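S.K.:
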Amino acid sequence: MNKNHDLFERSLEFIPGGVNSPVRAFNSVGGKPIFFKKGKGSRLWDENGKEYIDYINSWGPMILGHAHPDVIRAVQEVSENSLSFGAPTAGELQMAELLVKLVPSIEQVRLVSSGTEATMSAIRVARGFTGRDKIVKFEGCYHGHADALLVKAGSGALTFGKPSSAGVPEDVAKHTMTLPYNDNEALEEMFRKVGDRIACVIIEPVVGNMNLIVPQDDFLKLLRKLCTEFGAVLIFDEVMTGFRVALGGAQELFSVIPDMTTLGKVIGGGLPVGAFGGKKEIMQQLAPMGPVYQAGTLSGNPVAVAAGLKTLQLIQAPQFFEKLSTITSSLVERLTDAAKHEGINFCARNVGGMFGLYFSDTPPNTFDEIMASDRENFKKFFHLMLAQGVYFGPSAFEAGFVSASHDSKDIDETILAANYAFKEL
Ligand SMILES: *Cc1c(COP(=O)(O)O)cnc(C)c1O
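Read in order, the letters of the sequence shown correspond to residues 3 to 427 in the numbering used here.
1) Could you give the residue range of the alpha helix (DSSP H) that holds Ala-120?
2) With DSSP as the reference, please indicate the residues paired to Cys-349 in a beta bridge.
3) Run the proximity test for Trp-47: is its beta-carbon closer than 8 Å to any non-hydrogen atom belonging to ligand 3?
4) Is any heavy atom of ligand 1 found at a distance shorter than 8 Å from the C-beta of Asp-135?
5) Please say whether Gly-355 and Phe-403 have beta carbons closer to each other than 9 Å?
6) Where does the unbroken beta strand (DSSP E) through Phe-38 begin, and where does it stop?
7) State the start and end residues of the unbroken beta strand (DSSP E) segment that holds Thr-264.
8) Over what stretch of residues does the beta strand (DSSP E) that includes Gly-279 continue unbroken?
9) Going along the chain, which unbroken runs of the alpha helix (DSSP H) with 4 or more residues stay wholly within the region 87 to 120?
10) Contact defined as beta carbons within less than 8 Å: I believe Leu-66 pairs with Ser-407. What is the distance between those atoms, to the nearest angstrom?
11) Alpha carbon to alpha carbon, what distance is there between Thr-416 and Val-241?
12) Let me check you understand the geometry: is the CB of Cys-349 closer than 8 Å to at least one non-hydrogen atom of ligand 1?
13) Where does Cys-143 fall in DSSP's three states?
14) Hey, which unbroken runs of the alpha helix (DSSP H) at 4 residues or more fall wholly within the region 272 to 321?
15) Which stretch, first to last residue, makes up the alpha helix (DSSP H) that contains Arg-45?
16) Using only the heavy atoms of ligand 1, determine whether one of them is closer than 8 Å to the beta carbon of Asn-211.
17) Would you say the beta carbon of Ala-120 comes nearer than 8 Å to a heavy atom of ligand 1?
18) Leaving out the 5 sequence neighbours to the left and right, which residues in its chain are closer than 6 Å to Asp-363 when beta-carbon positions are compared?
19) Between which two residues does the beta strand (DSSP E) holding Glu-371 run?
20) Grouping DSSP H, G and I as helix and E and B as strand, with all else coil, what is Leu-418?
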């Protein structure tokens, strides 16, 4: 009996699509999702007892690896004193102080419970602060599932945005403009035409939601310059890149400081924590200080904050990000070599502990280039690796993640499996 399959069949009856978040359903690679019951360090075990090397790490949060003893202990200790108060706690202050210290753009910060809440709230504050309605996002970037962000470009760069999901009113979508990533000209043109009506621009400073895409040719610097010139709030959505590509996030890595930053994933260490923060004058617009309403019953939850704080403490160890980057680079370099050896059209790259695998001859820099890569080969590669106990993201449009507990033994085993997979392709 295959327990994973059995659980999935039963889940289909009670949960739409059998999953609580769509990418888990394996729709883009085919087959059935795996049900996990245990993780330790770089490894996972499914309901059949099969072991995997994990390159998803819960989509980023498990940067220390699974079940890190210090994080588990921190959670156990605070749990003893109740799971929630709905009132301020010292842990939240510690977390806020740490985020202000570590993230260059953050002067004040508010905690929420997910990345979606963080981006949704940041946009509301930016609109309240500027008194403008229009927002700008980039094609292929994901910022959670708030209505205003489930929008794709209409026909022509400056037309109204169109909902990319049923249930999003046209009246909401029309305030969102969508531009191609890494396109300096389109960006300049839009600011020239409607710059003084833009409340904010939200961007993944390194994109991890259309595989991995890196900003080119001073794209972020140009964006910073235009936002300053036209009085638009620049929001870096670092829900994925925060504490993942560098201790101070992509803003530190590229030396471009936004007005606001959204965080999530790593800052909860595996429990639900999100945050949005930035310039004090902007954050002071929030209730109870200012006119912009935002709230949360479980915001700053003590158990979640304890997991996040312990994680943030441990990743400040000397050389933490250098080591994470080195091990991730060795994974992508050795995968590239293995593919070359078999004559497969493949390349890979990483930024810190995040990586992209591409079935194309050069790393893509735009959404269109990602769409042009060989997705059939990705699917086959994914299943060949999974069968051998290597768990990559079940979609050609997701970045991968390495944790601090991955070591050269994990990489060796991965490459052994990849040699076989590339040969089979
Ligand atoms: C994951 C992600 C989100 C959404 O976070 P959730 O916690 O899933 O709501 C937003 N922005 C980016 C860049 C993300 O990677």
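For glycine and all other residues, C-beta sits at the position ideal for the given N, C-alpha and C. In this text, all values refer to a predicted model and were calculated from it rather than measured experimentally.
M.R.: In terms of the structure at hand:
1) 117 to 132
2) Tyr-360
3) This structure lacks ligand 3; its bound ligands are ligand 1.
4) no
5) yes
6) 38 to 42
7) 262 to 265
8) 276 to 280
9) 92 to 104
10) 7 Å
11) 27 Å
12) no
13) coil
14) 282 to 285 and 304 to 316
15) First-last for Arg-45: 45 to 48, but that is the beta strand (DSSP E), not the alpha helix (DSSP H).
16) yes
17) yes
18) Asn-347
19) Looking at the DSSP string, Glu-371 is not in any beta strand (DSSP E); the run it does join, the alpha helix (DSSP H), is 369 to 373.
20) helix
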